[in-house]
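Trainee:
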Amino acid sequence: MSEPIITTPLRERATQALGDRFLHEALDIATTKFIGLRREAFDNFPQGDQLRSRARAIKEATLQRLDEHLERLVDNIERLGGHVHFATTAEEARRIILDIAKRNGARMAVKSKSMATEEIHLNDALEAAGVTPVETDLGEYIIQLAHERPSHIIAPAIHKTKGQVAELFSRELKRPGIPADPEVLTKIAREELREKFLQADLGITGANFAVAETGTVVLVTNEGNGRMATSLPRVHVAVMGVEKVIPSMTDLAVFLAILAKSATGQKLSVYTTLVQGPRRPGELEGPDEFHLVLLDNGRIAQIAGVLRESLYCLRCGACLNVCPVYRQIGGHAYGYTYPGPIGILLTAMLNGPGSVKELSHASSLCGACADACPVNIDIPRMLIELRRQVDEQGIAPWPERVVFKAFARVLRSPALYRLGARIGRLAQRPFVRAGRVRSLPLFFGHWTRTRDLPPVAARTFQERWRDLSS
Amino acid sequence: MTSRADFLGRIRTEMAKTRGLFAASPAERPVNPRARLDLLRRELSERWPQTLERFRAEFERVAGVFHRVTTAAEVPATLERICRERAARRLVAWPAEDLGVAIAPGLGAAGITVESMPRAVPAESERGRLRALIAESDLGVTGADLAVAETGTLVLVSAAGRPRSTSLLPPCHVAVFDRTVLVETLEQLGLALEAWHDGPAPPERGAMINFITGPSRTADIELTLTRGVHGPKEIHAIFVDGGLHG
Amino acid sequence: MSVRAVPQPRRRAALMITCLADMFYPEVGERIVRLLRRLDVDVTLPAGQTCCGLPLFNSGYHAEAAEVARRTVDIFADAEAVVVPSGSCAWMVKHEYPGLLRDTAAAADAARVAERAWEFSQFLVRRLGHTTFETDVAGPLAYHDSCHLLRGLHEGTSPRTLLQNLAGAEVVPLPGSDECCGFGGSFSVRLPEVSTSILDRKLANLEASGARCLVACDAGCLMQIRGGLSRRGSPLRALHLAEVLKP
């Protein structure tokens with residue numbers, strides 16, 4: 001169990017998000033833009049679909065020999081003078097990293113964006129241990145100052161206006177009157193954080209890939225903070241889920257060709273940084289120590305689990321951008337570290353099926369996510385599997401299970417089905433006005449509060465058939 | 471703490487429960503990458519003008535500034551112009567042998583200081599001084615190990631005399647290169663990476679490789695694009711027709 | 717010896733009416749029957765139909781869905797072709813029935829029915845090769861891609877072909893035509909506010925398109941979209957494709 005289970009009902013969180021006018025507009029603009037950029041990138045990339053299939057195959061093939069690839073990765077990193085640690089739980093990962101920080105007398109750590117470190121709630125643990133974590137990705141820096149969590153996998157502060165950011169900077173950085181100008185805000189962040197990069201004892205990053213054949217850890221970034229965090233401080237710690245290992249550099253080229261295109265529509269992100277252990281003896285710069293923390297935290301159990309396919313995920317965020325639900329409610333309403341379609345699957349992976357009792361239904365199963373995914377993950381299929389688990393393990397509320405089983409009984413019997421139609425016709429009588437049903441009691445009110453319903457026909461099609469077949 | 475054996479043991483246990491979702495293979499790797507890369511270079515040398523044109527288009531598309539000179543002797547003058555346009559007075563640079571051209575004399579005459587990065591690693595205190603100096607510099611001059619036309623990307627391998635921050639800390643980065651580093655596609659980049667890792671690494675090679683595609687950028691605030699977040703705000707390429715390294 | 721013309725066997729099709737059309741939109745079923753008969757298709761309605769089981773399947777009640785599937789497969793086991801007026805139901809039959817019944821005695825029947833099932837627009841265009849109809853509906857018309865038809869059955873062309881070929885009816889593009897309408901079966905009542913918010917977006921797009929009438933090939937989408945238009949007192953309409961093609 002990685003994260004505390006949210007107790008506020010999803011419906012409440014979602015409705016609250018829907019009421020946030022600015023969030024709504026920000027989400028609309030941002031997701032629409034991302035969708036357009038991704039479409040344009042793939043329209044100009046005829047081999048895109050073929051590469052996506054290849055990328056998916058590489059991910060599946062890697063899982064089929066995961067142990068070998070990980071062994072090779074570890075051996076190579078150690079050969080290069082790096083250290084590899086094995087964390088089964090989030091707690092263990094935190095302890096490993098705190099130990100490294102303590103041993104090095106670190107008092108400040110600069111962090112390059114890493115959802116894996118969000119997942120294990122690392123920042124709180126660092127603070128508690130007297131190590132100040134400084135987020136350096138601009139979006140992460142903003143939400144860190146605001147004491148919030150990311151609301152999108154690749155654009156963490158997508159829910160904030162420039163006005164809100166300016167106000168935040170003015171307040172937290174004690175520099176009153178900062179204008180709501182992204183250029184100015186970026187410049188301020190650059191200045192504030194440049195100092196931190198140069199002073200930090202420790203750089204903590206995630207990793208997009210790790211190449212087993214060569215012991216190379218790969219970071220994909222746009223701002224330059226990934227390069228800073230892996231070259232300036234004396235110690236570099238990379239935290240990475242075990243599923244991110246890939247066999248070779250040839251495989252890496254395939255993934256690089258589709259990753260940025262899927263995430264932001266760029267052909268490549270600005271920086272792709274290949275880290276091969278600590279600084280070599282002949283190098284002027286670079287960390288003296290390199291550590292890779294390999295993270296399980298629920299992933300290993302899915303190798304043979306229903307969520308195996310979600311281990312292919314590249315964390316590009318494309319599924320969030322196209323999801324009709326995410327586009328309406330944003331990331332925070334999901335309640336856990338990872339939002340959006342893949343986020344529901346990852347939440348189940350990290351916290352068990354109980355955590356997605358409601359979230360597994362935060363989807364109309366439209367399939368836009370699967371369409372957008374660069375490794376063709378069939379997210380809807382797994383959402384249905386999670387719903388099935390929730391039902392079969394008795395996690396779903398019992399009235400719901402009773403209703404569905406009764407419904408199934410009716411569908412198995414044409415006589416009960418016909419009876420159902422007759423009952424419906426009778427029961428609806430008080431509610432039909434001008435050929436429409438405008439309000440219904442109980443549970444059915446969920447529909448009629450905002451939408452009309454057609455009445456059950458006076459004669460169903462099957463009842464009319466005799467007239468039609470003559 | 472979980473040991474390596476326990477961790478991998480658990481993975482093996484889970485793997486044994488399933489054959490996976492479908493038959494799949496990783497990408498096919500080149501059999502003799504170094505020979506393949508040499509062959510590729512020879513093929514590319516026949517069509518380098520087209521490759522260069524593609525590189526220029528993509529480099530400019532990601533807001534790189536492209537310059538082209540006929541001989542290496544013209545490089546200092548181009549650099550001087552770039553410096554003057556930005557009121558840049560202090561440069562850091564790869565050593566002349568690594569750049570393939572000497573730039574210090576020409577720029578010195580124009581009152582622009584060039585600090586060449588040392589090849590040998592100096593004492594800790596000198597490293598600190600250099601770090602501060604690089605951070606204060608206006609412009610960093612490097613070569614490039616590869617230039618990828620498909621994406622307008624420069625590939626820089628860190629090494630003795632080629633520290634990582636030369637192309638990272640100053641607000642302007644200039645890369646000087648010639649036709650010998652041009653490749654067409656990401657796939658060919660993959661081949662180069664295979665070749666570079668085939669066999670032991672040369673002792674002067676560093677522990678980092680960076681692919682650089684345009685200046686540092688973010689769109690984290692209202693999806694408005696801004697440049698020069700942490701890395702350079704500008705990136706320039708100076709292509710030397712006649713070649714570098716004599 | 718005289719040569720006699722060999723009579724062409726009339727095409728036969730069994731109609732899977734679907735629970736929503738049966739209960740709420742029987743007029744759609746009637747239109748389809750008249751349309752197909754005019755095209756010389758012998759339409760039958762196997763008796764005892766209830767539902768394809770998709771709502772059970774989507775909510776994770778797979779054992780129950782398999783039982784409903786078995787019934788349905790039984791009913792349609794001998795059909796030459798099965799015509800389904802809803803993309804989601806057609807998807808259920810074609811995509812999920814074989815898997816649900818894989819290790820049962822009904823496996824072969826399920827595979828056969830899956831293979832012979834057609835969503836309505838696909839049946840007209842791809843099976844019958846008939847693409848030109850007239851209409852008695854005032855345009856402009858705009859087509860909404862229902863998710864299961866577009867992404868599940870990879871069908872976006874047949875309905876558009878039929879609409880484009882309608883003489884005298886203007887067809888306009890619908891912005892975000894491939895975006896979900898927010899129905900999603902039980903989703904529409906589990907998260908009604910989100911479902912409605914998604915619907916609002918669809919209706920705004922419809923209004924922006926300049927169309928007078930939205931056309932779709934799924935009863936679920938129509939229930940959602942019509943429900944929204946009606947509640948808002950909108951003059952715009954939402955019709956099933958069969959209601960736009962003149963029989």
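Chains as they are written, first to last, in this note's numbering: chain P, 1 to 470; chain H, 471 to 716; chain A, 717 to 963.
Just so it is clear, CB atoms sit at the ideal spot from N, CA and C, and this is done for glycine as well.
As the structure is a computational prediction, the values presented were derived from the model and not from experiment.
Run the CB neighbour count on L616 (chain H), radius 10 Å, all protein chains shown included, and call it buried at 16 or more, exposed below.
Mentor: Classification for L616 (chain H): buried.
Trainee: Classify K111 (chain P) as helix, strand or coil using the three-state DSSP reduction.
Mentor: strand
Trainee: Any Cβ of chain P within less than 8 Å of the Cβ of D690 (chain H)?
Mentor: yes
Trainee: Determine, using beta-carbon pairs with one atom in the region 210–223 of chain P and one in the region 147–165 of chain P, whether at least three such pairs fall under 8 Å.
Mentor: no
Trainee: What's the C-alpha gap between I204 (chain P) and A90 (chain P)?
Mentor: Near 16 Å, if we compare the C-alpha coordinates of A90 (chain P) and I204 (chain P).
Trainee: Mind listing which residues of the region 901–912 of chain A have their C-beta closer than 8 Å to chain P's C-betas, in chain order?
Mentor: Taking a C-beta cut-off of 8 Å against chain P, the contacting residues of the region 901–912 of chain A are G901, S902, F903, S904, V905, R906, L907, P908, E909, V910, S911, T912, listed in chain order.
Trainee: Span of the beta strand (DSSP E) holding V217 (chain P)?
Mentor: 216–221
Trainee: Going by DSSP, name the residue or residues bridged to V627 (chain H).
Mentor: H:I679
Trainee: Would you say H706 (chain H) reaches chain P, if we count a Cβ-Cβ gap shorter than 8 Å as a contact?
Mentor: no
Trainee: What number of angstroms, rounded off, separates the C-alpha of C933 (chain A) from the C-alpha of L453 (chain P)?
Mentor: 18 Å
Trainee: Report buried or exposed for W834 (chain A), applying the criterion of at least 16 other Cβ atoms within 10 angstroms of its Cβ.
Mentor: buried
Trainee: Any C-beta of chain H sitting closer than 8 Å to the C-beta of G282 (chain P)?
Mentor: yes
Trainee: Indicate whether at least one CB of chain P lies closer than 8 Å to the CB of R747 (chain A).
Mentor: no
Trainee: Can a CB atom of chain A be found closer than 8 Å to the CB of I377 (chain P)?
Mentor: no
Trainee: When the Cα of E704 (chain H) is compared with those of H:W518, H:L638, H:R675, which residue comes out closest?
Mentor: H:L638
Trainee: Where does I480 (chain P) sit, in a helix, a strand or coil, going by DSSP?
Mentor: The structure shown does not extend to residue 480 (chain P), since chain P is modelled only from 1 through 470, so no value can be given for it.
Trainee: In this structure, what does DSSP give as the bridge partners for C642 (chain H)?
Mentor: H:L609, H:E704
Trainee: If you check the beta carbons only, do P673 (chain H) and G282 (chain P) fall under 8 Å apart?
Mentor: yes
Trainee: Using a Cβ-Cβ distance cut-off of 8 Å, determine whether T766 (chain A) contacts chain P.
Mentor: yes
Trainee: Considering H85 (chain P), what are the terminal residues of the beta strand (DSSP E) in which it resides?
Mentor: 83–87
Trainee: With a threshold of 8 Å between beta carbons, is E675 (chain H) in contact with chain P?
Mentor: In the sequence as presented, Glu is not what sits at residue 675 (chain H); that position holds Arg. At a cut-off of 8 Å between beta carbons, R675 (chain H) contacts chain P.
Trainee: Give the C-beta separation of P500 (chain H) and E664 (chain H) to the nearest angstrom, bearing in mind that I take them to be a contact with Cβ-Cβ under 8 Å.
Mentor: 6 Å
Trainee: Count the C-beta pairs between the region 538–555 of chain H and the region 674–685 of chain H that are closer than 8 Å, then say yes if the count reaches three, no if not.
Mentor: no
Trainee: Identify the continuous beta strand (DSSP E) that holds T273 (chain P) and give its terminal residues.
Mentor: Where T273 (chain P) is concerned, the enclosing beta strand (DSSP E) starts and stops at 271–275.
Trainee: Taking CB distances under 8 Å as the criterion, tell me whether W398 (chain P) reaches chain A.
Mentor: no
Trainee: For V402 (chain P), does the count of other Cβ atoms within 10 angstroms reach 16, so buried, or fall short, so exposed?
Mentor: Answer is exposed; the Cβ neighbour count stays below 16.
Trainee: Using the beta-carbon of each residue, which ones in chain C are nearer than 9 Å to G769 (chain A)?
Mentor: Within the model displayed, chain C is absent; protein chains P, H and A are what it includes.
Trainee: Less than 8 Å between the CB atoms is what I'm expecting for L320 (chain P) and T688 (chain H), so what's the real figure, rounded?
Mentor: Incorrect: roughly 18 Å between the Cβ atoms, too far for contact.
Trainee: Does DSSP put W834 (chain A) in a helix, a strand or coil?
Mentor: strand
Trainee: Rounded to the nearest angstrom, how far is the Cβ of A106 (chain P) from that of L202 (chain P), given a contact under 8 Å?
Mentor: 4 Å
Trainee: Ignore the nearest five residues each way along the sequence and tell me which others in D391 (chain P)'s own chain have a CB closer than 7 Å to its CB.
Mentor: Around D391 (chain P): R401.
Trainee: Going along the chain, which residues of the region 363–387 of chain P sit with their C-beta nearer than 8 Å to a C-beta in chain A?
Mentor: S363, S364, L365, C366, G367, A368, A370, D371, I384, E385, L386, R387
Trainee: Taking 8 Å as the threshold (C-beta atoms), are R327 (chain P) and T15 (chain P) in contact?
Mentor: no
Trainee: Take T7 (chain P) as the anchor and find which of P:A333, P:G367, P:R449 has the nearest alpha-carbon.
Mentor: P:A333
Trainee: Express the C-alpha separation of D825 (chain A) and E309 (chain P) in angstroms, rounding to a whole number.
Mentor: 30 Å
Trainee: Could you tell me whether the region 339–350 of chain P touches the region 371–380 of chain P, where touching means 3 or more Cβ pairs closer than 8 Å?
Mentor: yes
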